[in-house]
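Residue numbers (the numbering used here), protein chains in the order written: chain A, 1 to 267; chain B, 1001 to 1267; chain C, 2001 to 2267.
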């Protein structure tokens, strides 16, 4: 069921794009050691797929992943390979571009979280419109352990979505949140049983794609206009801070220690 | 217990107004086929009753309904009768006026939701201050099915109240929410057993009406001042979009199909 | 375990300050009839302790209380002693100063709520970053009973945190909220069993204090920058209103009646 789209101008290495009737599916499926990380190459593919869906007859985009990890966040190996300053610069440019693309995307995005959503993989969710999650999904931000500051506008969106007390605990302490908690807190629209998730979610997405594209797009604009400037500003500020922070000795040490610890990759 | 108010300068056809000690009750009770809809005539009566309560010695207003439907939202029959452009113009003018009256009303409004709150009937709730709901109340926005865009500032208030993930699912997909869910999500202050609801709610409202009117009014001003401009702007934008959208062939077709479908009126 | 800090330049009467490794503990422990109230003397001690923690090597502050009351709020006896206008002026100056200090404090504050958090004792929590609460904690704002308007930015923060429907019920009606409800609503990050609370909370605070101080401070700045101006403005407005309201005959009568009623002091 996951054929590459004929509309796609270039071959994707790390994502699968499927153009369906009146909507587009984007599946993260990276060829990296750590499953479904985001680095400049992967991000370029996602942005190209979104731009394609922006101008074709898609009424919405479904964003999901293949495998049992939704998204492991920023590619930490990338940040510690070669000159840390050059790596940070490239990663930050790419991150800024990805987040800006999500902020300004005019059609509804339905995120379907099949497993762990870590760091940027969690931060991206409030930039989507509807989030469906598998009962086994897990959500957390390991920013303090990595000695880094927030990314993906999470410093603005997570306290807003989860409340300040909970949002702060996630941002400061890396607290892990289950799918059920995420639903109760308002990050997730609905929780599904892992084995039957796609059979339930796909028909909903198909149904939603039948609604008036004009009405969906206008509704999204109405919902999003209030925070758009704030989100763009937050993205800029977070990116500038990460550009300074990622290459520091303190942060590089923390990233290497994190990558060395096997238990960070058992979800 | 529902005598018409002596203070009322004109006779109400579609609402019942009762001036009680230090507060005013407004009960929706329309003589329409679809129970408790909002059209220019009903809205004029509500606004007049609110203006009366604004200047008399009422410390607050209780807003509820007679019958098992709290409010069915905008009168869809009205929108499809006669010239659609003229009907839309009149309905939009009236809607803008109602929402503005709620936004600027200086005294606390306690909404008591006895049954289904559909479309504008749900959208009006975050413009009230306290919302008590019967356990059998049901909340949803059939905007996508009607091919229309949001109304009553719901594009701003619902994502803010319910969280973006849930608010978007209501606005985009028309998801139905029970009283208990609405309470957990923060739309409803408290849920009551249908049969004893009024016996519990009325004493609370009476108790609240005994507090200092000056303190209540100042507190409401403090709470509301942060979003007032944003609400007024959202109301304007939503109304302008509906003025264009309601008369379109796509929307008129969707409204007629909605009115033809019996299951839309079983709550 | 509660030795007075050697760094502290002056002896505290109503609080206990303990400088630990990389963080500071502040414990409310007032010598007043009503336990853990806030008056100009107590507030001065808290602000001095916070300023000390701001410039030493503390990465964060833990704010808690000794005894079974977290904080009874503003010292109502103070407001009704001597000339009400002079008392109100002194109390308001002090309140403005305390709230401003919390709003602008650059390092994370972890509030540990051991018992009842009443009025300002509850209002201060959304100005902290993480709130841990004992299962027996209770939260409410007796503002309507006292015929007074909100304080501590609660007119802005509580509707934001709890949702408008619930926030309004607390502010208008003095509704009491349990620790579990406060957690579900997003005011409290986590609830602990009273007897083992400190054994669980202290290690977490110690763990958090080991993270990069620079990253913690930058993260707090990112989270807080969006509302800082709004909070400062709200503080000013609320203080100006209380300066007028506290000395009124209506409010003085309500305060005395409140102090006379034994049941207001059984939590």
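Glycine included, every Cβ here is placed at the ideal spot set by N, Cα and C.
Which residues of chain B have a Cβ atom closer than 8 angstroms to the Cβ of residue i, listed in chain order?
| i | result |
| --- | --- |
| residue 215/A | 1143, 1144, 1147, 1148, 1149, 1245 |
Which same chain residues, not among the five before or five after residue i, have their C-beta less than 6 angstroms away from its C-beta?
| i | result |
| --- | --- |
| residue 10/A | For residue 10/A, the predicted model reports a pLDDT of 44, less than 50, meaning its position is unreliable; a value from the coordinates is still stated below. Around residue 10/A: no qualifying Cβ. |
| residue 205/A | 62, 110 |
| residue 1066/B | 1027, 1029 |
| residue 133/A | 113, 179, 188, 191 |
| residue 247/A | 84, 85, 88 |
| residue 2265/C | none |
If the criterion is Cβ atoms closer than 8 angstroms, does the pair residue i and residue j meet it?
| i | j | result |
| --- | --- | --- |
| residue 97/A | residue 2226/C | no |
| residue 163/A | residue 59/A | no |
| residue 152/A | residue 124/A | yes |
| residue 73/A | residue 38/A | yes |
| residue 1139/B | residue 1117/B | yes |
| residue 1024/B | residue 1068/B | no |
| residue 171/A | residue 143/A | yes |
| residue 251/A | residue 92/A | no |
| residue 1046/B | residue 1094/B | no |
| residue 2129/C | residue 2230/C | no |
| residue 135/A | residue 191/A | yes |
| residue 1127/B | residue 1099/B | yes |
| residue 1079/B | residue 1149/B | no |
| residue 1107/B | residue 1222/B | no |
| residue 71/A | residue 121/A | yes |
| residue 158/A | residue 105/A | no |
| residue 1182/B | residue 1022/B | no |
Looking at the strands, I want to know which residues DSSP matches up with residue i.
| i | result |
| --- | --- |
| residue 2257/C | Residue 2257/C is not bridged to any residue. |
| residue 2027/C | 2016/C, 2064/C |
| residue 1303/B | Residue 1303/B cannot be examined here, being either before or after the span of chain B that is shown, 1001 to 1267. |
| residue 140/A | 118/A |
| residue 1281/B | Residue 1281/B lies beyond the range of chain B shown here (1001 to 1267); nothing can be said about it. |
| residue 2038/C | 2074/C |
| residue 1112/B | 1132/B |
| residue 2069/C | 2116/C |
Which bits of chain B does residue i rub up against, with CB to CB less than 9 angstroms?
| i | result |
| --- | --- |
| residue 2184/C | 1184 |
Applying a beta-carbon distance threshold of less than 7 angstroms, which residues of chain A neighbour residue i?
| i | result |
| --- | --- |
| residue 2218/C | 149, 241 |
| residue 2188/C | 165 |
| residue 2131/C | 165 |
Return the chain-ordered list of same chain residues with a C-beta closer than 8 angstroms to the C-beta of residue i, the five sequence neighbours on each side being excluded.
| i | result |
| --- | --- |
| residue 76/A | 34, 37, 146, 255, 258, 259 |
| residue 2004/C | The predicted position of residue 2004/C is uncertain, since its pLDDT is 45 and thus under 50; a value taken from the coordinates is nonetheless stated next. Around residue 2004/C: 2011, 2012, 2016, 2017, 2018. |
| residue 1041/B | 1013, 1014 |
| residue 2185/C | 2161, 2162, 2163, 2166, 2177 |
| residue 1169/B | 1175 |
| residue 2031/C | 2013, 2014 |
| residue 54/A | 105, 106, 107 |
Please list the partners that residue i has in chain A, where partner means a Cβ-to-Cβ separation under 8 angstroms.
| i | result |
| --- | --- |
| residue 1155/B | 219, 222, 223 |
Please compile the residues from chain A whose C-beta is within a distance smaller than 9 angstroms of the C-beta of residue i.
| i | result |
| --- | --- |
| residue 1250/B | 212, 214, 215 |
Take residue i and list the residues in its own chain whose beta-carbon comes closer than 7 angstroms to its own, dropping the five residues that flank it on each side.
| i | result |
| --- | --- |
| residue 7/A | Any answer about residue 7/A is weak, because its pLDDT of 44 lies below 50 and its placement is not dependable; what the coordinates show is given next. Same-chain partners within the cutoff: 19, 52, 56. |
| residue 200/A | 192 |
Can you name the residues of chain B whose CB is closer than 7 angstroms to the CB of residue i?
| i | result |
| --- | --- |
| residue 126/A | 1164 |
Q. Closer than 8 angstroms, Cβ to any Cβ of chain B: which residues of the region 2157-2173 of chain C, in chain order?
A. Within the region 2157-2173 of chain C, 2159, 2162, 2163, 2164, 2165, 2166, 2167, 2168, 2169, 2171, 2172, 2173 place their CB atoms closer than 8 angstroms to a CB of chain B, listed in sequence order.
Q. For the region 1231-1244 of chain B, which residues have a beta carbon sitting closer than 8 angstroms to at least one beta carbon of chain A?
A. For the region 1231-1244 of chain B, which is checked against every Cβ of chain A, the residues closer than 8 angstroms are 1234, 1237, 1238, 1241.
Q: Using a Cβ-Cβ cut-off of less than 7 angstroms, list which residues of the region 103-115 of chain A approach chain B; keep chain order.
A: 108
Q) For the region 2194-2209 of chain C, which residues have a beta carbon sitting closer than 9 angstroms to at least one beta carbon of chain A? A) Per Cβ criterion, the list reads 2204, 2207, 2208.
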